[in-house]
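First residue of the sequence shown: 0, per the numbering used here; consecutive thereafter. Below is one structure, written out as structure tokens; the observations come after it.
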Amino acid sequence: MALPRSEVVSVRRREMAFSEEQHAVWRDLYARQLPNVQQFACREYLEGFDILGLPAEQIPQLKDLNAVITPRTGWSTVRTQVRYSDAVPWYHHFAKRQFLITDYMRGRHEMDFTPEPDMFHDIFGHLPFMALPEYTALQDLFAPAFLRATDAQRETIKRLAWFSTEFGLIREDGQLKIFGAGLISSFGEIQHVMAGKTPVRPFTVANVIGYEKAIYTFNEVLFVIESIEALKVELAAYFDTLG
Ligand SMILES: [Fe+2]
């Protein structure tokens with residue numbers, strides 16, 4: 000079924016050309032963040048990172064990323080000009096297993112923290128995970144739930160996504176590791192969190208539901224999942240009550 004125009008995000012059909020400065024920003028962000036993710040990211044991210052083989056020297060083209068991701072998971076990446084998309088059209092793409100990548104790259108003044116997700120966040124933070132079927136099975140849960148939910152339930156779903164796939168922590172062999180793509184791509188916040196400066200609580204729907212997303216600041220509290228499987232069980236139990 001074709002969606003009304005307001006329900007779809009405009010997408011670019013052709014590969015993009017980037018400026019030398021944009022490639023240089025990517026190169027510097029990558030070089031600064033690599034030691035942090037090697038030390039702090041969860042094993043699933045690092046596994047996906049090895050599989051995907053993101054280039055250190057220049058912004059990758061989506062066709063090269065899709066050549067790895069799509070055969071493994073059925074998902075593909077799609078370039079969009081929208082810088083911070085509304086959740087409704089975004090989840091319509093999610094339902095088609097399309098992961099939107101913005102064409103915006105942060106400037107030099109935002110190397111430590113950007114409130115607006117840029118292509119470094121979208122690609123470096125999210126895409127290694129999207130090469131793993133056990134992870135995309137988690138992402139597959141969100142769109143059907145969101146699209147049948149009431150407006151109030153949609154706000155809850157956005158918080159659940161925010162505090163798991165964007166800013167979640169995971170326990171691994173007794174240690175806290177970084178799970179969320181928003182932390183993985185943030186030089187400032189990953190260090191803040193791993194220095195123990197952010198209070199953490201167990202990830203349950205009941206715990207998360209009371210906390211607002213922190214877009215312009217570091218998060219005041221974060222939540223810990225025990226495993227991707229445990230997160231799926233927790234989310235699915237809630238999603239089954241919707242609609
Ligand atoms: Fe994100």
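Just so you know, even glycine gets a beta-carbon here, dropped at the ideal spot from N, CA and C. No experiment lies behind these values; they were computed from the predicted model shown.
- Beta-bridge analysis with DSSP links residue 177 to 40 and 168.
- Annotated as distal: residue 169 and residue 36, with beta-carbon spacing of 8 Å or more.
- Secondary structure at residue 198: coil, using DSSP grouped into helix, strand and coil.
- If you compare the alpha carbons of 125, 114, 207 and 124 with that of residue 154, the shortest gap goes to 207.
- Considering only 107, 178 and 152, the residue with the shortest C-alpha distance to residue 164 is 178.
- Remark: three or more beta-carbon pairs, one from each stretch, lie closer than 8 Å, so the region 73-87 and the region 11-31 are flagged as touching.
- The way I'd put it, the region 133-143 doesn't touch the region 184-200; fewer than three beta-carbon pairs between them come closer than 8 Å.
- Between the C-alpha atoms of residue 102 and residue 143 there is a straight-line separation of about 26 Å.
- Here residue 201 is exposed, its C-beta having fewer than 16 other C-beta atoms within 10 Å.
- A residue is called buried once 16 or more other Cβ atoms fall within 10 Å of its Cβ, and residue 88 is buried on that count.
- Taking the CA atoms as reference points, residue 91 sits about 8 Å from residue 146.
- Comparing alpha-carbon positions, the option among 224, 217, 234 and 129 lying closest to residue 111 turns out to be 217.
- Nearest to residue 167 by C-alpha distance, out of 222, 22 and 242, is 222.
- Nearest to residue 73 by C-alpha distance, out of 58, 97 and 85, is 97.
- Judged by DSSP in its simplified three-state form, residue 64 adopts helix.
- When secondary structure is reduced to three states using DSSP, residue 87 falls in the helix class.
- Taking C-beta separations shorter than 8 Å and ignoring five residues to either side along the sequence, the partners of residue 231 in its chain run 136, 137 and 140, following chain order.
- Between residue 43 and residue 131, the alpha-carbon positions lie close to 8 Å from each other.
- C-alpha of residue 65 to C-alpha of residue 94: approximately 17 Å in a straight line.
- The secondary-structure analysis by DSSP pairs residue 100 across a beta bridge with 78.
- In the DSSP assignment, residue 156 falls within the alpha helix (DSSP H) that extends over 150-160.
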